[in-house]
Every structure is written in structure tokens, then in C-alpha cells.
Amino acid sequence: MSAIPSEDAAWVTIETPLSPIQLQKFIGDLERLLRINSLLEFERWESVGDGRICFEAINLSNGRHVKTELSVEHIDRGLRISYDRLLKSSTSIQVEPSITSGSSLIITDDYSGAEETERRRRLDEVDRSLEQWGRDLHGYLRLWHRWSWLPPWRWYMQRVWQPMKPSARRITRWIVWITFAEMAVVLLLIVILVIEQ
Numbered sequence: 001m002s003a004i005p006s007e008d009a010a011w012v013t014i015e016t017p018l019s020p021i022q023l024q025k026f027i028g029d030l031e032r033l034l035r036i037n038s039l040l041e042f043e044r045w046e047s048v049g050d051g052r053i054c055f056e057a058i059n060l061s062n063g064r065h066v067k068t069e070l071s072v073e074h075i076d077r078g079l080r081i082s083y084d085r086l087l088k089s090s091t092s093i094q095v096e097p098s099i100t101s102g103s104s105l106i107i108t109d110d111y112s113g114a115e116e117t118e119r120r121r122r123l124d125e126v127d128r129s130l131e132q133w134g135r136d137l138h139g140y141l142r143l144w145h146r147w148s149w150l151p152p153w154r155w156y157m158q159r160v161w162q163p164m165k166p167s168a169r170r171i172t173r174w175i176v177w178i179t180f181a182e183m184a185v186v187l188l189l190i191v192i193l194v195i196e197q
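According to the UniProt record's numbering, the sequence shown holds residues 1 to 197 in order.
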């Protein structure tokens, strides 16, 4: 994550294995895109008409409760999300073809909607989750590229994983790993018993 020279924005660039067309389709699901951020704990996501969404969450990066209406505008190669009543005025999400293979996803948080004195006064509202969101998206997109062909995996990610709070995802991951470890130990014990008989 870096600051743009005007210091009114921050951005992150994510290299992905998806083609530009696949990535454009992926970012079309805005709720999924935002829920991938492990530092946002969703409380409400509700369409209120006219392409506007009532969004409420706890931003774990700055400890603030976020309640806003957002609107989505399709821009060249991506989306622009505009926020009401937030210090962050918009987030642009753009897809760029990669030089090697795949594509890049560029996410830019823009804070230029408020006067400089207002921005300085409200510094504690700055969303510090952008860098982590980039890491989360990078990992998720690698998994999506590898496993999205498998319907049970897609179902699990969309119906079970996506609605979970970030803490529940971490706990579930540990439970799965511990279960696999226990199964391996039990299998090893069975093999030892069979060999000894």
C-alpha cells in the first residue's frame, strides 16, 4: 500500500492468476469482494433501491463502527464505490491486464472529498485495512482460480465461509486442521495395531 503524491488516497495492487474477463466477473459481486476483507465484521448489507446499499460493519483496523449508504458506479475496467458520511469518499476497483499472465486488481481508497482541515481532524477514521484486504484478496483469488471449478467448494465458500465473521473463519480453519491431525493420528494408531498383530 502506498500513498498517492497528493496524500489524499492510498492504493494496493494485487497480482492475480485470473484473466481480465474472469476478474471483471469476480468483482461484479461487491458483497463478496468486501466480505473477503478480514478486518471488516459485517453487521448489515441491504439494498435500499436505486443501486444504493445500506452497509454497516465494524472496521477492526481502526475500531470504528461504520454505517453508510454506498452506491456503485461502473467505470472503465472496474467499479467505483461512493460512500455517504464517511471520511473515505470512494473506493475504485480496477482490473488491468498483467504483463506476464493473469491480471492485476488495483484498489484505491480516495479521501479527497473532505477539506484538509477536516481530514486532519478525523484521522482516526482512516481505514487501515486496505493492505490486509489486498493480502486477503490475493489469497482468495489464488484459491478461487484453483478450486472454483469444484461445485462443493464454491457452495462452501459462498454459503458458509462468506457470511462468517472473520474470527469465526479463523476458528473454523483451526478446527479443520485439528480434525485432520486427529484423523491422521488415529489412522497411524490403527496401522501400528494392524502391523503388530
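Think of the CB as a built atom: it goes at the ideal place given N, C-alpha and C, for glycine as much as any other residue.
- [ ] Count the C-beta pairs between the segment 109 to 119 and the segment 25 to 42 that are closer than 8 Å, then say yes if the count reaches three, no if not.
- [x] No: the two stretches stay apart, fewer than three of their Cβ pairs being nearer than 8 Å.
Task: Selected residue, minimal CA-CA separation from R121, among Q197, L87, H138, E131 - done: The option with the nearest alpha carbon to R121 is L87.
TODO: Have a look at I192, H138, P152 and flag the residue whose alpha-carbon is nearest the alpha-carbon of S103.
DONE: Closest in alpha carbon position to S103, among I192, H138, P152, is H138.
TODO: Measure the Cβ-Cβ separation of I107 and S92 and say whether it is below 9 Å.
DONE: The answer is yes: Cβ separation under 9 Å.
- [ ] Could you spell out the range, first to last residue, of the alpha helix (DSSP H) harbouring E125?
- [x] From DSSP, E125 is part of no alpha helix (DSSP H); its letter is neither H nor E.
Task: Endpoints, beta strand (DSSP E) assigned at W11 - done: From DSSP, the beta strand (DSSP E) with W11 extends over 9 to 16.
- [ ] Buried or exposed for A181, please, with buried defined as at least 16 other CB atoms from any protein chain shown within 10 angstroms of its CB.
- [x] Result: exposed.
Task: Cβ neighbours of S61 in the same chain (closer than 6 Å, five flanking residues each side left out) - done: Within the same chain, S61 has close Cβ partners L39, R128, S129.
Open item on the list: Check this for me: beta carbons of residue 204 and D50, under 9 Å apart or not?
Closed with: The first residue shown for the chain is 1 and the last is 197, placing residue 204 beyond what the model contains.
Open item on the list: Here's the rule: buried if 16 or more other CB atoms are within 10 angstroms of the residue's CB, otherwise exposed. What is G28?
Closed with: Per the 10 Å Cβ criterion, exposed.
Open item on the list: Check this for me: beta carbons of T16 and S98, under 9 Å apart or not?
Closed with: Going by C-beta atoms, T16 is nearer than 9 Å to S98.
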